[in-house]
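Just below is one structure, and these are the notes that go with it.
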Amino acid sequence: MRIEEVHISGFGKWSNVNFELNDGLQVITGSNEAGKSTLASFIVSMLFGFANGHQPYEQYLPKNGAAYGGWIKIKNNDETYQIKRIKGKNGGELTITNELGDQVPNSMLDSMLRNIDSNLYSAIYKFSQQDLNSIFQLTSNEFESQLKRVGAIGSQAWIDEINHLNQQADNIYKVRGIKPELNQLLKSYEDNDRQIQNFEDEYDQYEELLISADRLKRDIDDNTNKITSLKSEYDNLLNLKRLWPVYNRLKNLKVNNEDDTKFMGNDDIAEIQALRADITEIDRQISQARAKLADSSFMDQNETNQQFYIDNDQELTDLRENGIRIKMQLDQKSELQRKIRNQQSEKQQLLSRYETNRLPRPLDEQAVIELQKLENDYYDNGEESNSRTSRSRSVTTQSSLIPLIMGVIGILALILGSSWLIKIIGIGIVVLSIWIWKSLNTNKKADIIDDYSNTSQNNKRELVIFGQKYGLGGFKSSMWLRMQGDLHRGQELDRQISQDAAKLREINLKINQFEQSASFAQAAIGPYESTEQLINKINLLIDSQKKFINDRQRQQQRKHVLEDQIEQLNQRIQEVSTKKQSIYTRFNLSNDHDFDLYYDNFLKSTVAQERSSALSDQLDANQVQELDQFQNEESLNKSVDALKNDINETETKTESDRQKMVRNRVKADQMAQNGSLTKLRQQQANLQEQINDLTEKWLTTRLTANWIDRALQLATSDRFPQIISQAKQYFSLLTDGHYDDIKLEDDIIRVVSNDSTSFDVGELSQGTAEQLYVSLRLGFAFVMSHEVNLPIIIDDGFVNFDQKRRDAVLTLLDTLSHNNQILYFTSSKSVKDKVGSRIINLNEMQVNR
0 MRIEEVHISG FGKWSNVNFE LNDGLQVITG SNEAGKSTLA SFIVSMLFGF ANGHQPYEQY
60 LPKNGAAYGG WIKIKNNDET YQIKRIKGKN GGELTITNEL GDQVPNSMLD SMLRNIDSNL
120 YSAIYKFSQQ DLNSIFQLTS NEFESQLKRV GAIGSQAWID EINHLNQQAD NIYKVRGIKP
180 ELNQLLKSYE DNDRQIQNFE DEYDQYEELL ISADRLKRDI DDNTNKITSL KSEYDNLLNL
240 KRLWPVYNRL KNLKVNNEDD TKFMGNDDIA EIQALRADIT EIDRQISQAR AKLADSSFMD
300 QNETNQQFYI DNDQELTDLR ENGIRIKMQL DQKSELQRKI RNQQSEKQQL LSRYETNRLP
360 RPLDEQAVIE LQKLENDYYD NGEESNSRTS RSRSVTTQSS LIPLIMGVIG ILALILGSSW
420 LIKIIGIGIV VLSIWIWKSL NTNKKADIID DYSNTSQNNK RELVIFGQKY GLGGFKSSMW
480 LRMQGDLHRG QELDRQISQD AAKLREINLK INQFEQSASF AQAAIGPYES TEQLINKINL
540 LIDSQKKFIN DRQRQQQRKH VLEDQIEQLN QRIQEVSTKK QSIYTRFNLS NDHDFDLYYD
600 NFLKSTVAQE RSSALSDQLD ANQVQELDQF QNEESLNKSV DALKNDINET ETKTESDRQK
660 MVRNRVKADQ MAQNGSLTKL RQQQANLQEQ INDLTEKWLT TRLTANWIDR ALQLATSDRF
720 PQIISQAKQY FSLLTDGHYD DIKLEDDIIR VVSNDSTSFD VGELSQGTAE QLYVSLRLGF
780 AFVMSHEVNL PIIIDDGFVN FDQKRRDAVL TLLDTLSHNN QILYFTSSKS VKDKVGSRII
840 NLNEMQVNR
């Protein structure tokens, strides 16, 4: 695959820009922040899809609001395609068209990429300076894993199947597992076996028969296995003879270790260490308890107040209960004071209304009737009075025109006024006109009565006498009847004020009595400004003294608890120390220092034993078991002749044991008196069958996964040497022939210099290690290009290379570009002399834009 052209509609800092790429080596230069990595990421995103929202910094959303995406034009197998991606789900909306403009299925891209995903592409065909540093962590296993993924068609699916099979196997059985089915069955089998063991006391003879039958069964199985083993043992004898010297040395070491009995057992060491830890912990707890005991302090308290409270407990309690009632009286007092103020205010309004400081008594019913008759006589004065009344009404009508005109003027000012001041004046005129009109109508009747007074002196005299009689002389006669309601209200207010004032005096008396009753506690309570404050201080005194007594009791209890705890801990530490010392005495140790020296020698002995066990690694368990059967090398040689006789004797004994086993089981079945043991045996047999089935299934699953893994190894085995061979050539070229070999062994990558000196990767300089990484990656890409030929992207690599190394790698890239298109992004300005016109300068493109 070759990329011929790149168009970015919007990606990171790039928008609406085209790049035409060379089909071989294409160098793209630019300073930092010029957009090199953005362009490289765009090309990868076109092939494998945009990053999702979980990777916001890898999405490269346009900075200027341009449309997200673009397209690249590629040539694959002499066919030209345009791959376009725009914003959308699952890596973006993908469209692929051929050179005729016809859309082709999106699966075409998967076919061209040979199902390589972005991670595998980055692992093989794309690397940066950060990747070069990873050479120090790269292992041969990781290198081989990458090879497997592209080593055979569909290998990723097979790798997924391996993982699936291994997961299935873990679901069946897992070492130290609990939930897998086989683990649970094995646990059930252990529980069942323990239940069967519980029947031993009741079924001694029954169990003897069963044990004998089981022993015979084991003997039969052992003999059967022995027969099979004997038949193949002859082939193993020569190998065993070769291993005899190693076995003999291992046996001597074991004898020496068994003779060394001066060290105590692991259980004793563990117990001593536990006891020492207990002593340390108990010491800590004692110190902590003593610190708490030292920190415990009793609050200072006024002894006089405390003794006063104890001597007057009942009186203070009674005073508190009385205070609750007095607090309610205080609330009633506030309410009465408010009520009296409101009543006095209303009475003052009545006095102000009639411009007097004292209102007369209201008229009784008879006096009201008499007043009404006098007024009626006063108004009935004949035609002259009517004439005067008409004239009065005419004058009144004329007078009513004045407020009417004022009201019209005010309304016009309110509607037509251009400022708030004029509108406010208009409102005032309207209000004033309404008040004048009401005044004229209200006083109309009074004016008529006055007019009548001028014409009827007798009636007027009678009204004067009436007013003097009832104390109404200070008021106009026209108001006498109208003011009766107010006079009745004033009389009622006087009565209520008098009644509430009496209640208030009674409450004040109770409050004074309460304050006097509290005088005996004045010294303990202290000064106060109000009765309510006095009540609060009484409550505070009682509560504080009760709290002090409770706190003191709790502190005394806490002190006793801490002292008991310290005493118990001291007893405990004495017991533990005695127990520890008894163990020391058994092993002739005096103190902890002797034990530390003793334990250090024990560890050294253990290390020696571990070193000797390394010798046993040269022999597997079966070989050791077989060699244990021989006393010396001579007996090993004689055993060849005895093999045939052993087989015949074993077969005869096996048949005899089988007959005995059948007889014992028949007798055991006859002896069973109830079905409990039989049921448990049946359950055990069922569990054995299930365990065998699951074991077979687990083995099948594991073996299948191993078989597929081995098949993938075989499928890639021919390419692995090719990759290493190609990498050797590149590494030799880049190091000017200083290193000529690369070895991948035991999960370690080594290189060999031209003087046959071997080096681990960690022993190489930074530049040489990076040259090794470049060689391996380029060798991998070159060999795999026969399978999947994709462009190689190098993003600002070779930073640590000097000019000579950089020239060498450019020469190598130029050679490789005949096979793979190479896009080399760099900030170096010196590459121009090496690559000529095959260069794109991003700095110049930004200036031109």
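Per numbering that gives the first Met the number 0, residue 0 is the first one in the sequence shown, and the count goes up by one each step.
Ideal Cβ positions, reconstructed from N, Cα and C, are used throughout, including at glycine.
If you're wondering where the values come from, they're calculated on a predicted model, not measured in any experiment.
(request) Return yes when the Cβ of residue 74 is within less than 8 Å of the Cβ of residue 3, no when it is not. (result) yes
(request) Check each candidate in 304, 640, 514, 293 and name the one with the smallest Cα separation from residue 542. (result) 304
(request) Report the three-state DSSP secondary structure of residue 259 (helix, strand or coil). (result) Residue confidence for residue 259 is low, a pLDDT of 47 falling below 50, so the modelled location carries little weight and cannot support an answer.
(request) Give every residue of the same chain whose Cβ lies closer than 6 Å to the Cβ of residue 485, excluding the five residues on either side of it in the sequence, and list them in chain order. (result) 349
(request) Kindly indicate the opening and closing residues of the beta strand (DSSP E) around residue 68. (result) 68 to 75
(request) Please work out which residues of its chain come closer than 6 Å, Cβ to Cβ, to residue 548, disregarding the five sequence neighbours upstream and downstream, and give them in chain order. (result) none
(message) Taking the beta carbon of residue 783 as the centre, do at least 16 other beta carbons fall within 10 Å, making it buried, or is it exposed?
(response) buried
(request) Starting from residue 64, trace the beta strand (DSSP E) both ways and give me its first and last residue. (result) Per DSSP, residue 64 belongs to no beta strand (DSSP E) and is neither H nor E.
(request) Specify the secondary structure class of residue 58 as computed by DSSP and reduced to three states. (result) coil
(request) Report the option in 617, 740, 724 whose CA atom is closest to the CA atom of residue 245. (result) 617
(message) Is it buried or exposed, residue 654, if we count other Cβ atoms within 10 angstroms and call 16 or more buried?
(response) exposed
(message) Going by DSSP, what residue range makes up the alpha helix (DSSP H) through residue 37?
(response) 35 to 47
(request) Closer than 6 Å by C-beta to residue 470: which residues in its own chain qualify, once you throw out the five before and the five after it? Chain order, please. (result) 359
(request) Kindly list the residues whose CB is nearer than 8 Å to the CB of residue 328, restricted to its own chain and excluding five residues on each side of it in sequence; keep chain order. (result) 506, 509, 510
(message) Tell me the DSSP secondary structure of residue 17 in three-state form.
(response) strand
(message) Just to confirm the assignment, what range does the beta strand (DSSP E) spanning residue 9 have?
(response) 1 to 10
(request) Would you tell me roughly how many angstroms separate the C-alpha atoms of residue 751 and residue 799, rounded to the nearest one? (result) 22 Å
(message) On the criterion of 16 or more Cβ atoms from any shown chain inside 10 Å, does residue 175 qualify as buried, or is it exposed?
(response) exposed
(request) List the residues that DSSP assigns as beta-bridge partners of residue 476. (result) Answer by DSSP bridge pairing: none, since residue 476 is not bridged.
(message) I'd like the list of long-range same chain contacts for residue 578, defined as Cβ closer than 8 Å, with 5 residues on each side in sequence excluded.
(response) 274
(request) Could you work out which residue in 309, 633, 466 is closest to residue 544 when comparing CA atoms only? (result) 309
(message) Between the alpha carbons of residue 86 and residue 16, how many angstroms are there, rounded?
(response) 18 Å
(request) Leaving aside the five residues before and after residue 189 along the sequence, list all residues of the same chain whose C-beta is less than 6 Å from its C-beta, in chain order. (result) none
(request) State the DSSP-derived secondary structure class of residue 771, mapped to helix, strand or coil. (result) helix
(message) Could you tell me the alpha carbon to alpha carbon distance between residue 12 and residue 91, rounded to whole angstroms?
(response) 19 Å
(message) Between the alpha carbons of residue 371 and residue 479, how many angstroms are there, rounded?
(response) 10 Å
(request) Use the C-beta contact count for residue 835: other C-beta atoms within 10 angstroms, 16 or more gives buried, fewer gives exposed. (result) exposed
(request) Specify, as a first and last residue, the run of the beta strand (DSSP E) that residue 840 falls within. (result) 838 to 840
(message) Under DSSP, the beta strand (DSSP E) around residue 465 begins and ends at which residues?
(response) Where residue 465 is concerned, there is no enclosing beta strand (DSSP E), although the alpha helix (DSSP H) it sits in stretches over 456 to 468.
(message) Quick check on this structure: which residue in 423, 341, 365 has the alpha carbon closest to the alpha carbon of residue 489?
(response) 341
(request) Return helix, strand or coil for residue 527, following the three-state DSSP convention. (result) coil
(request) Work out the CA separation of residue 810 and residue 24 for me, nearest whole Å. (result) 10 Å
(message) Using 8 Å for Cβ pairs, my map puts residue 47 next to residue 69. What's the rounded Cβ distance?
(response) With a Cβ gap of about 14 Å, residue 47 and residue 69 do not count as contacting.
(request) With distances taken Cα to Cα, identify the nearest neighbour of residue 539 among 552, 528, 524. (result) 524
(message) I believe residue 569 touches residue 285 by the beta-carbon criterion, under 8 Å. Please report the beta-carbon distance rounded to the nearest angstrom.
(response) 7 Å
(message) Measuring straight from C-alpha to C-alpha, what distance separates residue 330 and residue 522?
(response) 27 Å
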